[in-house]
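Q: First residue of the sequence shown? That's 72 in the working numbering, and the numbers climb one at a time after it.
All C-beta atoms, glycine included, are put in the ideal place defined by N, C-alpha and C.
Let me give you the structure first, and then I'll get to my questions.
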Amino acid sequence: MAKAKDKDNKGGGTIALNKRARHEYHIDQRYEAGIALQGWELKALRAGRINFGDGYAVVLKNELYLIGTSIPPLISASTHVIAEDRRTRKLLLHREEIDQLIGAVERKGYTLVPIAMYWKGNKVKVEIGLARGKQAHDKRDAEKERDWQREKQRTMRSHNRLA
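Here it is as structure tokens:
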């Protein structure tokens with residue numbers, strides 16, 4: 072009798088998070104997009120090699136592209152393929168979603184930033200956020216709020232231990 076395959080082995084987890092995007096921008100809406108990748112890029116992603124802190128999405132010829140995201144190739148990458156780690160990658164969305172994003176970017180001055188990259192089945196998905204830039208005082212307020220929440224949790228934990 073054949074052995075059942077492990078479900079955990081197939082994926083379904085987060086590849087990378089863009090924490091900088093949450094610090095630099097107010098995220099108003101989120102969209103799930105597919106991404107067109109080459110074989111060596113998938114292998115590098117399985118090894119967890121990605122950096123999209125400087126990445127952003129742009130609209131070119133009524134299509135969305137991810138720019139500035141670095142996927143460094145593995146040493147064992149094929150020799151007949153020229154691996155360019157910062158190449159422009161096409162994002163795959165429905166036409167209605169692309170039209171909504173184009174309208175928001177061109178008319179309202181939003182920015183498209185990648186928030187997360189994760190596995191969905193055996194496909195790679197990118198979560199794109201429709202974002203507005205934060206000003207310096209907004210960043211300070213967010214930092215104060217985060218510090219307050221952390222301090223509150225510490226106080227509650229120490230109080231619960233004593234009780």
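1) For isoleucine 146 and aspartate 218, what's the separation of their Cα atoms in angstroms?
2) With a threshold of 16 other CB atoms inside 10 Å of the CB of glutamate 222, please say whether the residue is buried or exposed.
3) In this structure, what does DSSP give as the bridge partners for isoleucine 199?
4) In its own chain, which residues sit with a C-beta less than 8 Å from the C-beta of glycine 180, not counting the 5 before and 5 after it?
5) Helix, strand or coil: which one does DSSP assign to leucine 137?
6) Run through the segment 148-176 for me and flag every whole beta strand (DSSP E) of 3 or more residues, listed as ranges in chain order.
7) Can you give me the start and stop residues for the alpha helix (DSSP H) that alanine 118 sits inside?
8) At the level of alpha carbons, what is the spacing between threonine 182 and alanine 128?
9) Taking the beta strand (DSSP E) that leucine 88 belongs to, which residues open and close that run?
10) In terms of residue numbering, what span does the alpha helix (DSSP H) encompassing leucine 108 cover?
11) Since glycine 139 contacts arginine 157 with CB under 8 Å, what's their CB separation in whole angstroms?
12) With serine 131 as the anchor, note down where its beta strand (DSSP E) starts and where it stops.
13) Are valine 184 and isoleucine 98 touching if we call contact CB-CB under 9 Å?
14) Would you mind reading off the limits of the alpha helix (DSSP H) that contains glutamine 220?
15) Can you give me the C-alpha to C-alpha distance between glutamate 216 and histidine 230, rounded to a whole angstrom?
16) Identify which residue in Ile153, His94, Leu88 and Val152 has its Cα closest to the Cα of histidine 208.
A: On the basis of the coordinates in this document:
1) 41 Å
2) exposed
3) Tyr102 and Pro185
4) Arg203
5) strand
6) 160-163
7) Unbroken run through alanine 118: none, as it is neither H nor E.
8) 8 Å
9) 85-88
10) Run containing leucine 108: none; DSSP gives neither H nor E here.
11) 7 Å
12) Note that residue 131 is leucine in the sequence shown, not serine. Start and end: 127-131.
13) yes
14) 207-233
15) 21 Å
16) His94
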